[in-house]
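Letter 12 of the sequence shown, counting from 1, is numbered 12 in UniProt numbering, and no numbers are missing. For reference, the structure is listed below as structure tokens.
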Amino acid sequence: MSLHVKKGDRVKVIAGKDKGLVGEILAVDPTNTKVVVQGVNVVQRHVRETATPQGKRVEGGIISSEAPIHASNVQLVVKVDGEEVVSRVGYERREVTKRRPDGSEYAAFRSVRIAKKTGEEI
1 MSLHVKKGDR VKVIAGKDKG LVGEILAVDP TNTKVVVQGV NVVQRHVRET
51 ATPQGKRVEG GIISSEAPIH ASNVQLVVKV DGEEVVSRVG YERREVTKRR
101 PDGSEYAAFR SVRIAKKTGE EI
């Protein structure tokens, strides 16, 4: 299953406690339809000090990290005339030229993501 956003996309949170925040996607989990956005849904975990099998000490304490949020709660951010605006994502089939291992070329189609607001490829 694929999502409308990918790792590295700039998104805006449109629902939840962090509504309105803009950040970059750090990780995507398509099977659970979840994404991790930088600076969004930050949770604190209490981690115990441990030792690795090599004998090194791993520091304990209170660790802050981003927790996943549902992909439907984020919307893609695109630049329009130097201003960042949210846009829905569409898909378009474009014709490309591919090359076979023997060197011959043929026409094929590939799917690209399109920002509905601007009509440009993402």
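The beta carbon of each residue, even a glycine, is placed where N, CA and C say it ideally should be.
Among the options, which one has its Cα closest to the Cα of residue i?
i       : options                              : result
Arg-99  : Gly-90, Gly-8 and Phe-109            : Phe-109
Arg-93  : Val-74, Tyr-106 and Ile-114          : Ile-114
Gly-23  : Leu-76, Val-96 and Val-112           : Leu-76
Ala-107 : Val-96, Lys-117, Lys-116 and Pro-101 : Val-96
Val-13  : Lys-56, Ala-71, Gly-90 and Thr-31    : Ala-71
Lys-79  : Gly-119, Glu-105, Gly-20 and Asp-29  : Gly-119
Val-47  : Val-40, Arg-57, Gly-90 and Asn-41    : Arg-57
Thr-31  : Asp-18, Pro-68, Gly-39 and Gly-90    : Pro-68
Arg-88  : Asp-102, Asn-73, Ser-111 and Lys-116 : Lys-116
Ala-51  : Asp-9, Val-43, Gly-60 and Arg-45     : Gly-60
Based on the DSSP output, what are the partners of residue i in its beta bridges?
i       : result
Val-5   : Its beta-bridge partners do not exist; DSSP assigns none.
Asp-29  : Lys-34
Ala-107 : Thr-97
Val-112 : Glu-92
Ala-51  : Arg-57
What are the start and end residues of the beta strand (DSSP E) that includes residue i?
i       : result
Ser-87  : 83-87
Leu-76  : 74-80
Lys-12  : 10-13
Val-43  : 42-47
Ile-122 : Per DSSP, Ile-122 belongs to no beta strand (DSSP E) and is neither H nor E.
Gly-61  : 61-66
- Cβ contact (3+ pairs, closer than 8 Å) linking the region 31-47 and the region 3-11: Taking a cut-off of 8 Å on C-beta distances, the region 31-47 touches the region 3-11, as three or more cross pairs fall below it.
- Are three or more beta carbon pairs between the region 82-95 and the region 52-70 nearer than 8 Å? Taking a contact to require three or more Cβ pairs closer than 8 Å, the region 82-95 and the region 52-70 do not qualify as touching.
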